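There are 2 protein chains.
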Amino acid sequence: MNIGQASEASGVSQRMIRHYEKIGLIPEAPRRDSGYRDYSPADLNRLRFIANARDLGFPIEEIRMLLDLWNDRSRASAEVKALAMARAGELQRKSVALEAMRRTLIDLAERCHGDTRPDCPIIERLAQ
Amino acid sequence: MNIGQASEASGVSQRMIRHYEKIGLIPEAPRRDSGYRDYSPADLNRLRFIANARDLGFPIEEIRMLLDLWNDRSRASAEVKALAMARAGELQRKSVALEAMRRTLIDLAERCHGDTRPDCPIIERLAQ
DNA sequence: GTGGGGTTTGACATCATGTCAAGGTCAAGA
DNA sequence: TCTTGACCTTGACATGATGTCAAACCCCAC
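Note that the protein sequences, when read in sequence, are chains S and E. Each residue of the first sequence is one higher than the one before, starting from 1 at the first, in the numbering used here. Each residue of the second sequence is one higher than the one before, starting from 1 at the first, in the numbering used here.
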């Protein structure tokens with residue numbers, strides 16, 4: 001299977017497939033005589049796994065660990081769970097930070113007339 | 001005032017002060033004979049404004065607009081308010097996305113034994 | 001005048017991804 | 001068989017906001 005088809009089937013862009021290969025997240029694809037990369041169904045599964053992990057907010061290095069755990073038949077689910085919980089905590093931390101910013105902006109905006117006059121608590125706050 | 005003192009007083013790193021100058025977010029600082037940048041109190045206020053806007057999640061290009069509005073005495077507060085509300089919407093969008101990921105992870109983790117056994121709904125979901 | 005600390009520029013790195021360019025390859029139709 | 005368009009290759013440059021490092025220069029106090 002060509003990289004284009006692998007990309008299509010896995011939802012990972014060609015660019016990222018090559019990138020993942022370069023950083024060793026996926027093994028180097030065998031090449032045909034033409035130099036084209038050739039992918040197997042197993043490669044597709046690996047790519048889909050990566051795409052799913054990315055969609056859940058895992059950074060590359062944690063995906064690397066998850067892939068190792070996936071391939072480790074004697075893995076302890078505790079390890080996977082710990083990674084997931086740590087990731088959930090990090091996501092929450094970020095989410096809370098964003099929400100705090102949003103809340104501040106909303107509060108300031110509510111106190112802003114929002115008309116043609118120049119006075120504005122938002123600007124005042126920024127200039128503070 | 002040296003860049004180090006300006007950095008200290010504004011909370012913006014020296015690195016970022018130089019960067020903001022390069023991208024035109026702040027005017028080029030006048031130089032002393034030595035070539036050292038020389039900052040005025042007005043420059044400090046501008047740097048603090050930028051730091052505050054960053055803390056509220058505004059990207060550089062919007063900070064540029066906010067700086068223009070700040071310096072425009074005939075500005076309409078409606079413009080500032082619109083920027084703030086748009087930013088708030090964007091922050092919420094991101095926050096909601098993070099929260100959805102977190103929720104999914106938590107749900108999966110709750111269904112994972114988290115012991116020495118290998119079976120794990122988190123891995124199953126990723127491999128799906 | 002010497003030493004230690006501040007400043008200068010430039011380069012390289014992050015992280016995950018997009019885009020572009022120049023060139024080689026494949027497959028289908030004329 | 002030749003052509004054409006779609007595909008693939010690598011490499012480079014870009015994003016956004018920031019850190020770090022290095023080599024060279026400057027400043028001040030002793």
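From the three backbone atoms N, C-alpha and C, an ideal C-beta is built for every residue, glycine too. Since the model is a prediction, treat every value here as computed from it, not as a measurement.
Can you tell me which of 5(S), 26(S) and 22(S) puts its alpha carbon nearest to the alpha carbon of residue 71(S)?
26(S)
At least one CB of chain S closer than 8 Å to the CB of residue 123(E): is that the case?
yes
Give a yes or no on whether 8 Å exceeds the smallest Cβ distance from residue 62(S) to chain E.
no
Tell me the DSSP bridge mates of residue 31(S)?
37(S)
Residue closest to residue 58(S), alpha-carbon to alpha-carbon, out of 74(S), 80(S) and 96(S)
80(S)
Say whether chain S places a C-beta atom closer than 8 Å to the C-beta of residue 10(E).
no
Expressed to the nearest angstrom, what Euclidean distance is found between the alpha-carbon atoms of residue 89(S) and residue 114(E)?
17 Å
I want to see whether chain E comes within less than 8 Å of residue 101(S), judged by CB atoms only; does it?
yes
Taking all protein chains shown into account, decide if residue 43(S) is buried (16 or more other Cβ within 10 angstroms of its Cβ) or exposed.
buried
Just the chain E side, please: which residues come within less than 9 Å of residue 14(S) by C-beta, in chain order?
Here the premise fails: no neighbours, minimum Cβ distance about 22 Å.
Is any beta-carbon of chain E found at less than 8 Å from that of residue 37(S)?
no
Which residue marks the beginning of the alpha helix (DSSP H) containing residue 7(E), and which one marks its end?
3 to 10
Out of 48(E), 126(E) and 3(E), which has the shortest C-alpha to C-alpha gap to residue 36(E)?
3(E)
Cβ pair residue 9(E), residue 17(E) closer than 8 Å
no
Short of 6 Å in beta carbon distance, which residues of its chain neighbour residue 125(E), apart from the five on each side in sequence? Order them along the chain.
108
Within 8 Å of chain S by C-beta, residues of the region 15 to 27 of chain E in sequence order
none
Closer than 9 Å, Cβ to Cβ, to anything on chain E: give me those residues from the region 105 to 119 of chain S, in chain order.
105, 106, 108, 109, 112, 113, 114, 115, 116, 117, 118 and 119
Who are the near neighbours of residue 31(E) in its chain, counting only those whose CB is closer than 8 Å to its CB and skipping five residues on each side?
37 and 38
Anyone know if the C-beta pair for residue 120(S) and residue 77(E) falls short of 8 Å?
yes
Between which residues of its own chain and residue 20(S) is the CB-CB distance below 7 Å, once the five residues before and five after are set aside?
26 and 50
Using a cut-off of 7 Å between C-beta atoms, extract the partners of residue 73(E) located in chain S.
118
Would residue 102(S) pass as a contact of residue 74(E) if the rule is Cβ separation under 8 Å?
no
According to DSSP, is residue 56(E) helix, strand or coil?
coil
With 8 Å set as the bound, which would you pick, yes or no: does the beta-carbon of residue 40(S) sit closer than that to a beta-carbon of chain E?
no
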